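Q: Okay, here's the structure, questions in a sec.
2 protein chains.
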Amino acid sequence: MLVKNAADRLIETKIKNRSFEPFKGAKKYSYRSKVTDLMTALKKCGLKDGFTLSFHHQLRNGDFVINQTLEAVRELGVKNIHMAQTAMFNVHQPVIDFIKEGVVNRIEGSINGVVGDYISKNPLDFPVILRSHGGRWAAVKTGELHPDIAIIAASSADERGNATGVLGDNAFGPISYSQVDAIHADKVIVVTDTIVDYPCEYQEIQERYVDYVAQVDRIGDPDKIMSGTTKITEDPTKLGIAHKCVDLMDAAGIIKNDMVFQSGAGGISLAAMKFLGEKLEEKNIVAKCATGGLTKLIIDIYESGHVKHLYYSQVFDGYSVNWVKNNLELPADIGHYADPTSKGRTIDGLDTVVLGATEVDTDFNVNVNTHSDGRLLHGIGGHQDTAAGASLCIITCPIFRKKNPVVRENVTTITTPGDVVDAIVTNEGIAINPRRKDLIKKVKGKIDIVSIEELKNMAYDETGGPVKPNRGNEIIGLTKWFDGTLLDVIYRVKE
Amino acid sequence: MLVKNAADRLIETKIKNRSFEPFKGAKKYSYRSKVTDLMTALKKCGLKDGFTLSFHHQLRNGDFVINQTLEAVRELGVKNIHMAQTAMFNVHQPVIDFIKEGVVNRIEGSINGVVGDYISKNPLDFPVILRSHGGRWAAVKTGELHPDIAIIAASSADERGNATGVLGDNAFGPISYSQVDAIHADKVIVVTDTIVDYPCEYQEIQERYVDYVAQVDRIGDPDKIMSGTTKITEDPTKLGIAHKCVDLMDAAGIIKNDMVFQSGAGGISLAAMKFLGEKLEEKNIVAKCATGGLTKLIIDIYESGHVKHLYYSQVFDGYSVNWVKNNLELPADIGHYADPTSKGRTIDGLDTVVLGATEVDTDFNVNVNTHSDGRLLHGIGGHQDTAAGASLCIITCPIFRKKNPVVRENVTTITTPGDVVDAIVTNEGIAINPRRKDLIKKVKGKIDIVSIEELKNMAYDETGGPVKPNRGNEIIGLTKWFDGTLLDVIYRVKE
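Quick mapping for you: the protein sequence lines, in order, are chains A and B.
Residue numbers 10 to 504, in this note's numbering, belong to the letters of the first sequence in order.
Residue numbers 10 to 504, in this note's numbering, belong to the letters of the second sequence in order.
Structural data, given as structure tokens:
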């Protein structure tokens, strides 16, 4: 059909079976400042009962944003919020009150510490769903977890919504968890205490995704943003375990030029990285790439010339936060780092990763989520992702802690299945997963290995064996494997 | 239902009405090199008749990738390919043969020069669809234009598919058109002549989106990658027009601190930028931001301290390509720059842009696509996007060229509607769109203005008026406004 469009042209609305809409007129595109306060932003985003709000955890135990947001939600009289944070810490203790008041009734995200302890004893409306970093990214990408509003903490942002974690008094390193939320959430609010001139000089989150910039007094407490989990242990037992990790890597033949490695943020893992750095120096080896969280320790290895590139998704200490301002290197958002639905990730083919555990079992299953009394106290983080990505996944732990056997018949909760765990390094020796015959053959004669059963027996001898947790029947939490399948359930703990 | 999953745990498959799939086992994730040859890559991507292949144009008239890809397609015996390139140049003359042979039968993308000339006279199976940069991004994002395979030229890439246009002998600046193709195409092939060690040090395209890395001898001819459109004119008439642009900006009061400006790549536009730079210097003014294509000219203004930030989506000359390696500043992919479906773009609220025209009419409509004889010889580029984004959109042109009136009653093809065109600056004076009463008031008494009808009359007097093109009835092309609506149709030209 011939019609005259708004430009006064005669055009067809159907050409060879394809339909066309006539031009309706053109207008100028301008911009408005998106800066407002948090309450107004939430209101304008249409906040209502039952909404899912997502948050990142890069302000760690110094974060003020989750609490402030929930206060605004309460003020607005809205209930039954589903939290979809990437992690939660002790600073989020007020969330317990928000749960009691009915402001929050579900959580799909990692919980560390007091909130986990509370929920372990007081089940929510629906079990807490725990996912790895990569698993959560995939869940948001595929729509399994859909944030109605993404709340993105930024240490600086401009009035149009370009935002960063690199600049400002509360800098915490490049924002790397929230890109997928920014793209898929219906509405996006950047929360910042520092409005900078347009254009913001770093832009991990860009204006194209942002509806509002909520200005608050302070997004966090910089002293607590840099978490205590990044201190290297001084405990001689733990240092001994760390040394054994490097001995194992060496025996396995992976300490060589162009190796790619990662450490977790725990004390033993960091110490192992320190000793690995020394080994690289001693053998005059240059690694290709270090991935994962950035610390001064890793930067030192980089600056000594013993690792060529740094890929990092988190920045753990103040030194590193300052360093990245001038040496951005290769920041990787979590999708680049660990999205299991992607066509390639920075952690695929890691040579080695050193990770922690609250418990391990004789099937090499690892628990990092619950304590042996059953309480849910930790998130999954990148544990699953890197374990499956690494050729040599090393789990470190003492065989027992106080009167509790860490090496045991069955872990309380499976975080990472034994299928992808290659070695368990303890104060009483190194056990290698019998599935890894190749690895056993490689290290034979170079280092001593023990069976996991021996380690378990020693642990049971010293402690009298595990004490059964006092559990109820209600499921309070779930661990998912990063492909979305259900790995384990976590039961209520009776007080 | 209680089932035992692959981790030997008893789990429920339904919890409070939500279904869960049991864990089925975990495996290690590794990586393989994605490097292969172009033909193998196409085959493995399942290339078949009727597929849509997308390309970017950042190698401009030095591009070898489109021709090489179509040769491989021919070799594989595949027909009826739909081309979805961002632009095409004279170097792509072989496409005419591919059309004649039936290898290519549709084009949705900009065509410059010989291929456009050919199609103007020899209609394809379906009209060529022309979109602006931002309009094309939106069309791929929304699925209106769906590439089966995205072919992404890169001047360097690593074996996993991390790719850049910044490094290598044929560097052309950050890849900025292809992110949307990488995300939405079913399959993605990076084509490069330079495989670098993993990890590639710049990564505008990341491995997560890439299926194959096709290694070719050469992706292009560096001498021609840097296009001739970026030379500043020496023609005194054109220089006069450029000077008038700056006079108009000054009269309109936009030459002030924190202004944001852009130029097109044409000779007059670049000259106008040079004079704007001189004016900034003379008035000691510091602009906030320059957007668009990067040239030495713009870098000089930046380095002189008269513009604070550079946002750029293309890099036009060798000097700038080298410069960005060490001074990345703020590269913006086309989605950030101009996606009309986004929540904010770098071009929103531009203070001014200076653009060219093949024709303008008394309704201030602008044509950049066809010549007055009706032949389709140019793409839309960012013309529509920036015209609508700028508060003061200035079109520059002489009132006639040879015996052809440029200012006329009706443009042959509408590229950018008069609704968003504010002023037309010619060798015979400046016409301001009567819709812009505010602008007319502002400049009154400061500069002379003429009516567009006067300019048209002068042009007609000098040339004897327009000659009607010798057109057929078949529609060979369409121009779309960036919102996807149909702006104009382009007819066959009889030989």
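Every residue gets a Cβ at the ideal spot worked out from N, C-alpha and C, and that includes glycine.
Predicted model, so just to flag it, every value in this text is computed and none were measured.
Going straight from the alpha carbon of Val476 of chain A to that of Thr379 of chain A, what length do you get?
A: One C-alpha to the other measures close to 14 Å.
Q: His318 of chain B by DSSP, collapsed to three states: which one?
A: His318 of chain B falls in the strand class under three-state DSSP.
Q: Indicate whether at least one CB of chain A lies closer than 7 Å to the CB of Gly358 of chain B.
A: Closer than 7 Å to some Cβ of chain A, the Cβ of Gly358 of chain B qualifies, so yes.
Q: Helix, strand or coil: which one does DSSP assign to Ala96 of chain B?
A: DSSP places Ala96 of chain B in coil when its eight states are reduced to three.
Q: Using the rule of at least 16 other Cβ atoms within 10 Å of the residue's Cβ for burial, across every protein chain shown, is Glu368 of chain B buried or exposed?
A: Flag for Glu368 of chain B reads buried.
Q: Would Gln224 of chain A pass as an interface residue toward chain E - the criterion being a Cβ-Cβ separation below 7 Å?
A: Annotation note: the requested chain E is absent from the structure, which comprises protein chains A and B.
Q: State yes or no: is the C-beta of Tyr469 of chain A within less than 7 Å of the C-beta of Pro407 of chain A?
A: No. Outside cutoff.
Q: Determine the direct distance from the alpha carbon of Asp360 of chain A to that of Met258 of chain A, and round the result to whole angstroms.
A: Cα-Cα distance, rounded: 9 Å.
Q: Can you pull the chain B residues whose beta carbon is under 7 Å from the beta carbon of Tyr40 of chain A, in chain order?
A: Within chain B, the residues near Tyr40 of chain A are Gly353, Asp357 and Gly358.
Q: Let me make sure I understand the geometry here. Which of B:Asp394, B:Arg217 and B:Pro132 has the alpha-carbon closest to that of Ile485 of chain B?
A: Per the Cα distances, B:Pro132.
Q: Figure out for me which residue from B:Phe270, B:Trp490 and B:Val100 has the closest Cα to the Cα of Lys317 of chain B.
A: The shortest C-alpha separation from Lys317 of chain B is found at B:Phe270.
Q: Among the residues of its own chain, which have a CB less than 7 Å from the CB of Phe135 of chain B, if the five just before and after it don't count?
A: Same-chain partners within the cutoff: Arg115.
Q: Might you give, ordered along the chain, the residues of its own chain that have their beta carbon closer than 6 Å to the beta carbon of Gln102 of chain A, omitting 5 neighbours on each side?
A: Once the five neighbours on either side are set aside, the close Cβ partners of Gln102 of chain A are Val123.
Q: If we cut at 7 Å on Cβ distances, does Trp332 of chain B have a partner in chain A?
A: Trp332 of chain B does not count as touching chain A.
Q: At a Cβ cut of 7 Å, what residues of the stretch 51-62 of chain B count as close to chain A, listed as they run along the chain?
A: Under the 7 Å Cβ criterion, the stretch 51-62 of chain B contributes no residue.
Q: Looking at chain A, is there any beta carbon in it that lies within less than 7 Å of the beta carbon of Asp426 of chain B?
A: In the sequence under discussion, the amino acid at residue 426 of chain B is Pro, which differs from the Asp named in the question. Yes, Pro426 of chain B counts as interfacial toward chain A.
Q: For a contact meaning CB atoms closer than 7 Å, what does Trp490 of chain B contact in chain A?
A: Residues of chain A passing the Cβ test: Phe32 and Ala35.
Q: For a cutoff of 7 Å on Cβ pairs, would you count Phe98 of chain A as touching chain B?
A: Not closer than 7 Å to any Cβ of chain B, the Cβ of Phe98 of chain A fails to qualify, so no.
Q: Curious, which full-length beta strand (DSSP E) runs of at least 3 residues does the stretch 444-503 of chain B contain?
A: Here the runs fully enclosed are 480-489 and 495-502.
Q: Could you give the distance in angstroms between the alpha-carbon of Asp244 of chain B and the alpha-carbon of Ile449 of chain B?
A: Cα-Cα distance, rounded: 29 Å.
Q: Using a Cβ-Cβ cutoff of 8 Å, what residues of the stretch 195-220 of chain A are near chain B? List them in chain order.
A: Flagged, chain order: Val197, Asp206, Tyr207, Pro208, Glu210, Gln212, Gln215, Glu216, Arg217, Tyr218, Val219 and Asp220.
Q: Which chain B residues sit within Cβ distance under 7 Å of Asn374 of chain A?
A: Within 7 Å Cβ-Cβ: Ala16.
Q: Taking Ile423 of chain B and Asn376 of chain B to be in contact with their CB atoms under 8 Å, please state how far apart those CB atoms are, rounded to whole angstroms.
A: Right, the Cβ-Cβ distance comes to about 7 Å (below 8 Å), so this counts as a contact.
Q: Looking at C-alpha atoms only, which residue of A:Gly249, A:Lys352, A:Phe491 and A:Lys57 is the closest neighbour of Ser42 of chain B?
A: Of A:Gly249, A:Lys352, A:Phe491 and A:Lys57, the residue nearest in Cα terms is A:Lys352.
Q: Which residues in the same chain have their Cβ closer than 8 Å to the Cβ of Ile204 of chain B, if we skip the five residues on either side of it in sequence?
A: Closer than 8 Å at Cβ, skipping near neighbours: Val44, Ser165, Ala166, Asp167, Glu168, Val222 and Gln224.
Q: Just to confirm the assignment: which complete beta strand (DSSP E) runs, minimum length 3, are found wholly within the stretch 198-235 of chain A?
A: You should have 221-224.
Q: Check this for me: beta carbons of Asn436 of chain A and Ile158 of chain A, under 7 Å apart or not?
A: No, they are not a contact pair.
Q: Express the C-alpha separation of Val100 of chain B and Ile230 of chain B in angstroms, rounding to a whole number.
A: According to the sequence as given, residue 230 of chain B is Asp; it is not Ile. Answer to the nearest angstrom: the Cα atoms are 10 Å apart.
Q: Taking Cβ positions only, does Gly177 of chain A come closer than 7 Å to chain B?
A: By this cut-off, Gly177 of chain A is not an interface position.
Q: Considering Cα atoms alone, identify which of A:Leu364, A:Gly454 and A:Ala396 is closest to Val434 of chain A.
A: The shortest Cα separation from Val434 of chain A among A:Leu364, A:Gly454 and A:Ala396 belongs to A:Leu364.
Q: If you draw a straight line from the C-alpha of Ser141 of chain B to the C-alpha of Ala191 of chain B, how long is it?
A: Approximately 19 Å between the Cα atoms of the pair.
Q: Starting from Arg140 of chain B, trace the alpha helix (DSSP H) both ways and give me its first and last residue.
A: Per DSSP, Arg140 of chain B belongs to no alpha helix (DSSP H) and is neither H nor E.
Q: Going along the stretch 280-302 of chain B in order, which residues come within less than 8 Å of chain A, judged by CB to CB distance?
A: Cβ contacts with chain A come from Lys297 and Cys298.
Q: Establish whether the CB of Gly122 of chain B and some CB of chain A are separated by less than 7 Å.
A: With 7 Å as the cut-off, Gly122 of chain B does not count as an interface residue toward chain A.
Q: Taking 7 Å as the CB-CB limit, is Leu448 of chain A close to chain B?
A: Chain B contact via Cβ: absent.
Q: Do Ala148 of chain A and Val429 of chain B come within 7 Å of each other at the CB atom, strictly closer than that value?
A: Taking 7 Å as the Cβ cut-off, Val429 of chain B and Ala148 of chain A do not qualify as a contacting pair.
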